[in-house]
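The block underneath contains the structure these notes are about, expressed in C-alpha cells.
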Amino acid sequence: MNIVTFGGVTVGLCILGYQLMNWYPGYKALKKKPLPFLANLGPFLVGWVYGVLAILGVGGLIGWAADTALWISNWLGDAALVWGVGGTTGQSATGTEYLPLTQGGGGVLLILTLVMVAAARKPKYGRDLKFGTWCGICLGTSAGVAGFAAVPLAQAANWCGDHVYGAI
Numbered sequence: 001m002n003i004v005t006f007g008g009v010t011v012g013l014c015i016l017g018y019q020l021m022n023w024y025p026g027y028k029a030l031k032k033k034p035l036p037f038l039a040n041l042g043p044f045l046v047g048w049v050y051g052v053l054a055i056l057g058v059g060g061l062i063g064w065a066a067d068t069a070l071w072i073s074n075w076l077g078d079a080a081l082v083w084g085v086g087g088t089t090g091q092s093a094t095g096t097e098y099l100p101l102t103q104g105g106g107g108v109l110l111i112l113t114l115v116m117v118a119a120a121r122k123p124k125y126g127r128d129l130k131f132g133t134w135c136g137i138c139l140g141t142s143a144g145v146a147g148f149a150a151v152p153l154a155q156a157a158n159w160c161g162d163h164v165y166g167a168i
C-alpha cells in the first residue's frame, strides 16, 4: 500500500473542491428545495466510498490500480506544491488505525468494482463516479476526517462480506 503525501491529499482536496463548486446551485435554490440538489451529490459520494474501499484493499489488480492512482496523485500534487507554489513535499500523517479488508470485504470490493464499472459507463453519472473514486483514493488513508471515515467503511464492508459469504 502506498502512503499518501501532502501532494496526494492536496489533489484529493482539489477534486473535492472542484466537485462542490460545480455542484453548488446557490444559496436561494439550495434553501428552497435542498433534497434534489443534495441527491445530485449521490454519485460522487458513492464513488468516494468505493475509492476509500479500493485503497484499503490489500492487493490484487484492484489494489494495484488504486495504489497506482495514489502514486500518480502523490507525484502530481507534490510537483504542484514544489513548482507551483514553492512549497515542500513530505509524507502526510496517515490515519491512526489502518483497517485492511478481510476476505469477505474483498469479495464485497470485487462486487462493487463490477457495479462501478457498469455505472461509470453511464454518461449522466460516469464523471461524478470517476472523480469520487479518485478523491476517495487520495483521501482514504489521510489523517483527516476522510481518513477516519475509512475505518467504519472497512468495518461495514468486512461485516457485509463475512455475513454474505458466511451464509454460503
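Residue numbers (the working numbering): 1 to 168. Ideal Cβ positions, reconstructed from N, Cα and C, are used throughout, including at glycine.
Check                                                                                                                                                        : Outcome
Out of Tyr-125, Ala-149, Gly-63, which has the shortest C-alpha to C-alpha gap to Asn-40?                                                                    : Tyr-125
Three-state secondary structure (DSSP) at Thr-68?                                                                                                            : helix
Does the Cβ-Cβ distance between Ala-54 and Thr-113 come in under 9 Å?                                                                                        : yes
Quick check on the burial criterion: 16 or more other C-beta atoms within 10 angstroms. Buried or exposed for Gly-86?                                        : exposed
For the alpha helix (DSSP H) that contains Leu-81, what are its first and last residues?                                                                     : First-last for Leu-81: undefined, no H or E at that position.
Under 8 Å, with one C-beta from each stretch per pair, do the segment 72-79 and the segment 3-19 reach the 3-pair mark?                                      : yes
Tell me which residues share the same chain as Tyr-18 and place their Cβ nearer than 7 Å to its Cβ, disregarding the 5 neighbours each side in the sequence. : none
For the 8 Å Cβ check, are there 3 or more pairs between the segment 101-116 and the segment 20-38?                                                           : no
Which whole-angstrom value is the C-beta distance of Gly-77 and Val-11, which I expect to be below 8 Å?                                                      : 4 Å
Would Gly-144 pass as a contact of Gly-47 if the rule is Cβ separation under 9 Å?                                                                            : no
Are the beta-carbon atoms belonging to Val-82 and Leu-139 less than 9 Å from one another?                                                                    : no
Could you spell out where the alpha helix (DSSP H) holding Ala-119 opens and where it closes?                                                                : 103-120
I need the straight-line Cα distance from Tyr-27 to Gly-166, nearest angstrom please.                                                                        : 48 Å
Taking Cβ to Cβ, would you say Cys-160 is nearer than 9 Å to Val-117?                                                                                        : no
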